[in-house]
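Quick note, in our numbering, the sequence shown goes up one by one and the last residue is 413.
Each residue gets a CB set at the ideal place from its N, CA and C atoms; glycine is no exception.
In this text, all values refer to a predicted model and were calculated from it rather than measured experimentally.
The structure appears below as structure tokens.
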Amino acid sequence: MKVAAFSEFGGPEVLRAMEMETPEAGGGQVRVRVRAAGVQPFDVAVRQGWTPPGVSGDLPRVPGNEFAGVVDQVGAGVTGFAPGDEVLGFDLLGCYAEYVVVPAENVTPKPAGMSWEVAGGFTAGTQTAHIALEQLGAGEGDTLLVHAAAGAVGTAAVQLARSRGAVVIGTARQENHDYLRSLGAVPVAYGEGLEERVRAAAPGGVDAVLDGAGGEALDVSLRLVKPERIVTLVEHGRAAELGVQTTRGVRLASRLAELAELHVRGALAWHVRRAYPLERAAEAHREVEARHGRGKVVLTVG
Ligand SMILES: NC(=O)c1ccc[n+]([C@@H]2O[C@H](COP(=O)([O-])OP(=O)(O)OC[C@H]3O[C@@H](n4cnc5c(N)ncnc54)[C@H](OP(=O)(O)O)[C@@H]3O)[C@@H](O)[C@H]2O)c1
Numbered sequence: 112m113k114v115a116a117f118s119e120f121g122g123p124e125v126l127r128a129m130e131m132e133t134p135e136a137g138g139g140q141v142r143v144r145v146r147a148a149g150v151q152p153f154d155v156a157v158r159q160g161w162t163p164p165g166v167s168g169d170l171p172r173v174p175g176n177e178f179a180g181v182v183d184q185v186g187a188g189v190t191g192f193a194p195g196d197e198v199l200g201f202d203l204l205g206c207y208a209e210y211v212v213v214p215a216e217n218v219t220p221k222p223a224g225m226s227w228e229v230a231g232g233f234t235a236g237t238q239t240a241h242i243a244l245e246q247l248g249a250g251e252g253d254t255l256l257v258h259a260a261a262g263a264v265g266t267a268a269v270q271l272a273r274s275r276g277a278v279v280i281g282t283a284r285q286e287n288h289d290y291l292r293s294l295g296a297v298p299v300a301y302g303e304g305l306e307e308r309v310r311a312a313a314p315g316g317v318d319a320v321l322d323g324a325g326g327e328a329l330d331v332s333l334r335l336v337k338p339e340r341i342v343t344l345v346e347h348g349r350a351a352e353l354g355v356q357t358t359r360g361v362r363l364a365s366r367l368a369e370l371a372e373l374h375v376r377g378a379l380a381w382h383v384r385r386a387y388p389l390e391r392a393a394e395a396h397r398e399v400e401a402r403h404g405r406g407k408v409v410l411t412v413g
């Protein structure tokens, strides 16, 4: 099968088209012919040399932890899925590929009204946002501050928090402010003067923060709310000493099904910024590494 993989750690250029043996579904697993896969900051870290816990040090390594495609093989004991089923799902690595093999618990049916590009990049950002909001408990009457609100996690977090009844302030560059308004957030520019701008946008105060940016965003947040009312997705090193939360929840097919249902009902819009063919994964990484832009970058697998 075709994959995009790297044999040495490094810059985006180490990510290349390669051929690998097509995996077979074992007991409890499904094999999926991938149609699209999401590209994440997580994948960039993997390419740069970070090995997620529990992963062998072997190279070449195929990044990618979210995908959508068509089930083409089911292992012994799998009851809920059959060849031909359209699904979306997740794994730790390995999704920049023509085929993935995952436990059947890692996939959920793709709603008919969801495009392949949306489905391929839908899993990680939406589930992360959902988990973070569960921890923060932000709801009716609360004002939530979302840093990096135009990104993948932010796009989902703004909409999910709005549907729970919270007022949402989102940080982004000026050119993404209309986008944030369209999601339901009050936009605020990041950079010097951030704290004053947030205070002006939230005269009643901020109740909770989802930090998708780190650095200045976290420093300012600590002056606005108690540390335990912050979830940071970025500053894992500083979180414990500061008393700030990191995400504890796990990805679940049931959670994903709920979020996909919200999407097809029109309650969770998902913006695909750009789709690259699998062979151009290095360009997709360059774009994600630049850390600017709206919504999600995906790879399409022809
Ligand atoms: N995706 C996941 O499931 C997941 C899971 C766990 C952790 N994380 C972490 O969460 C962070 C966000 O992930 P993502 O997938 O949403 O990233 P992303 O889609 O690549 O989004 C990056 C966003 O960051 C914004 N940004 C850049 N610098 C900023 C700053 N100083 N202040 C505020 N916003 C800024 C950009 O907005 P502008 O274009 O307006 O600059 C852009 O929209 C990453 O650090 C990632 O590693 C992600």
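Asked                                                                                                                                                             : Found
DSSP has residue 322 in a bridge; who is on the other side?                                                                                                       : 258 and 343
Please classify residue 340: is it buried, with 16 or more other beta-carbons within 10 angstroms of its beta-carbon, or exposed?                                 : buried
Which complete beta strand (DSSP E) runs does the stretch 370-399 hold, if anything under 3 residues is left out?                                                 : 383-388
Where does the unbroken beta strand (DSSP E) through residue 362 begin, and where does it stop?                                                                   : No beta strand (DSSP E) holds residue 362; DSSP gives it neither H nor E.
Sort out for me which residues DSSP pairs residue 129 with in a bridge.                                                                                           : 114
Is it true that the stretch 152-160 meets the stretch 182-198, where meeting means three or more beta-carbon pairs spaced less than 8 Å apart?                    : no
Suppose the cutoff is 7 Å on Cβ atoms and the five residues either side in sequence are ignored; what does the same chain contact list for residue 136 look like? : 142, 184, 185, 186 and 212
I'd like to know whether the C-beta atoms of residue 412 and residue 146 end up nearer to each other than 7 Å.                                                    : yes
Ligand 1 and residue 343: does the residue's C-beta get closer than 6 Å to at least one heavy atom of that ligand?                                                : no
Is it buried or exposed, residue 270, if we count other Cβ atoms within 10 angstroms and call 16 or more buried?                                                  : buried
Answer yes or no: do residue 324 and residue 258 have a C-beta to C-beta separation smaller than 7 Å?                                                             : yes
To the nearest whole angstrom, what separates the beta carbons of residue 278 and residue 254, a pair I think is in contact under 8 Å?                            : 5 Å
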